[in-house]
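Residue numbers for the sequence shown follow UniProt numbering, so the first one is 1 and each next one is one higher. Glycine is no exception: its CB is placed at the ideal position from the N, C-alpha and C atoms. From a predicted model like this one, the values you see are computed outputs, not experimental measurements.
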Amino acid sequence: MLLLCFLQLFLASLAFVYFSKAFGGAYMKSSITQIERRFDIPSSLIGVIDGSFEMGNLLVIAFVSYFGAKLHRPRLIGIGCLIMAAGSFLIALPHFFQGPFKYETSLSHSNTDNSSETCEKAAGSSMWIYVFLGNMLRGIGETPIMPLGISYLDDFSREENTPFYLVGILGPMFGFMLGSFLAKIYVDIGSVDLDTVTITYKDSRWVGAWWLGFIVTGTVILLSSIPFWFLPKSLPKQGQEQSKSKNFIPSLKRLFKNGIYSLMVLTYLVVVNGFIGMITFKPKYLEQVYGQSASKAIFLIGILNLPAVALGIITGGFVLKRFKLGVIGAARVSFGASVASFCLLAAQIFINCDNADVAGLTVSYQGIAEVSHNPQTLLSQCNMGCSCSMKHWDPVCAYNGMTYASPCLAGCQTTTGTGKQTVFHNCSCVGEMMTSAVNMSAVLGQCPRKSDCDRIFKISMALSVVGSFISACGGTPGYIVLLRSIEQDLKSLALGMQTLIVRTLGGIPPPIYFGALIDRTCLKWGTKQCGGRGACLQATSFVCLVVKELRRGNMVRLAKQLLYYIMLLKCCKNSEPWLDMQTMSPPHFSIEM
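If you want it as structure tokens, here you go:
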């Protein structure tokens, strides 16, 4: 009876900690854009910050996976939760030392600071290093949870109990929804008069209350650590004897001589490489290509894509049980899902909106489409005598449907109203496109996209959701093949090494090179208060660049997957006699962030 109570407590505790870590990880992904704008840094540097989580894992994963099995595993998981919570609080810390957020604007109230004081505060933008270190701490703290939690379940619970922790797939959905909610709340909520803020959450300069989410997620993770301090180090195995530990190097050699395991790790490496880059910057992609606000983009990912992934994971497990598939059948299902999801991705690449009409950046002042990275194109005859700054970004939407980089560059001469209700009049550049004497006024903010962009966006999201579902359907069979290709005494080491390899080569590089790719599309960079390039404020459509890169990159990834699966099927035909798919349990699988 006591044994059953401990098992139920561990299952419930592990479910909660899986939820907590996924909740925190998804929130980190959802706040990437807000952090980029708050610290005024490029996407490539954001990629380094995002990859610091895997760097933390890399530092300790091999040692925790191997030696952790000999120690008090529940308490190690509890310690990991405490470290993750500390990392979340450290990420939020810079907000309390940076001072009020200052965005570029033409209105006089935000330019009243003494220049030396402004520069002194701007130097605080280097405080992004605390976000880097905090995220690395989160990675270190997360290390014991996956390998030790799974091995503890496999050692001390019946096979049919293992699906309980699938509740952890809800974590990413709640994380993205929290990110969506906080993206609408101004970063300095409670410390500034919001009536003086002249931008809205739809503006590319807006920064939401990103820091508040890390306090929330840190608190949840802290609470999840409590039950693990009351669990025993070990419990008697139900129906099987525990395997004896082996020496590290011989165990490692024996592990990588397992052909099925090695091929599955290579396959996961290829898949994760693309997934991590995509999920990190998808909110930014939806903003730039389809003109969605950060809040809406994050919300849609959380409410549509992630539930589709969760449903796909469950469906994949159902297919395995319903049709009683063997190793070869599971590998075929996984491969088929990969090919189908790739085809949907390829179709989605060509479904996109045109660039937003921004005078001097994506169109000429006469309305002719021409993308330009040259700042001199921001000047025209209509604003030549206004002594406008080409570095300034305070977009206004004119009644001709075109966005101008600032009221000055629009040639505006007078204003009425205050704050968000400010209207600029007598804008000479607006008249260059007018065929008759009509309204030559402009209002704050960028113009909305063309009407057909909403329809295109819905089609793209539908393909994305279906693709996410199909791809996830292949995840469960693939993970099953990996999990049951491992001998019992190597399970903790195998899962740890798989995590180490995939996160090192599939988790760290993608955010960096995806971020660098996104930076190449930038047309208008922000300017830091003391000089220097800040975050990207306006980018061209990703299509021309991304189509070229994804065609090449995804074809290479698909070719690699095909090769690995063919080799895997051959290995499975000669599999060991202990590889019995009919007695498999559903996999220990969750949506990793």
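- Minimum Cα-Cα distance from G401 among the listed residues N439, L505 and I260 corresponds to N439.
- The alpha carbon of F228 has as its nearest neighbour, out of N247, P144 and S251, the alpha carbon of P144.
- Taking a 10 Å sphere around the C-beta of M384, we find fewer than 16 other C-beta atoms and assign the residue as exposed.
- Here DSSP, grouped into helix, strand and coil, assigns H95 to helix.
- Taking a contact as a CB-CB distance under 8 Å, the pair A494 and Y261 counts as one, their CB atoms being some 6 Å apart.
- In the same chain as K233, and ignoring 5 residues on each side of it, the C-beta atoms closer than 6 Å to its own belong to H72, in chain order.
- Collapsing the DSSP output to three states places G367 in coil.
- Under DSSP, K524 forms a beta bridge with Q538.
- Taking a 10 Å sphere around the C-beta of D452, we find fewer than 16 other C-beta atoms and assign the residue as exposed.
- DSSP places F101 outside any alpha helix (DSSP H), giving it a letter other than H or E.
- Its Cα nearest to that of K21, the residue I83 stands out among F10, A410, I83 and T422.
- The residue from K524, R449 and G474 with its alpha-carbon nearest to that of L378 is K524.
- 8 Å or more divides the Cβ of I276 from the Cβ of G87.
- Residue nearest to F39 within the set N247, T540 and R533 is R533 (criterion: CA-CA distance).
- According to DSSP, R533 shares a beta bridge with T527.
- When the Cα atoms are used, V466 and G316 turn out to be separated by approximately 14 Å.
- For C397, the uninterrupted beta strand (DSSP E) run begins and ends at V396 to A398, by DSSP.
- When secondary structure is reduced to three states using DSSP, Y186 falls in the strand class.
- In the three-state DSSP reduction, Y201 falls in the coil class, being neither helix nor strand.
- Taking 8 Å as the cut-off, the Cβ atoms of P395 and G445 count as close.
- Note that the C-beta distance between S468 and A297 is not below 8 Å.
- Y103 is not a Cβ neighbour of R254, given a cutoff of 8 Å.
- K458 and F256 have their alpha carbons spaced roughly 45 Å apart.
- Distance from the CA of L325 to the CA of L483, rounded to the nearest whole angstrom, comes to 15 Å.
- Sequence-distant Cβ neighbours of L59 in its own chain, meaning closer than 7 Å and more than five residues away, are I140.
- Spanning the alpha carbons of G291 and P283 requires a straight line of approximately 11 Å.
- If you check the CB distance, V192 and P100 come in under 8 Å.
- With contact defined as three or more Cβ pairs closer than 8 Å, the stretch 18-33 and the stretch 202-218 are in contact.
- Each of V197, G68 and F281 was checked against the Cα of F514, and the nearest Cα belongs to F281.
- Listed in chain order, the beta strand (DSSP E) elements of length 3 or more contained wholly in the UniProt domain "Kazal-like" (376-431) are 396-398, 414-416 and 423-425.
- Pairing A442 with A462 gives a Cβ-Cβ distance that is not under 8 Å.
- By the neighbour-count definition (other C-beta atoms within 10 Å, threshold 16), A369 is an exposed residue.
- Distance from the CA atom of T504 to the CA atom of M55, rounded to whole angstroms, is 7 Å.
- With respect to N258, S492 sits apart: the two C-beta atoms are not nearer than 8 Å.
- Counting along the chain, the unbroken beta strand (DSSP E) around V443 starts and ends at A442 to L444.
- Counting along the chain, C473 sits inside the alpha helix (DSSP H) bounded by residues D452 to R484.
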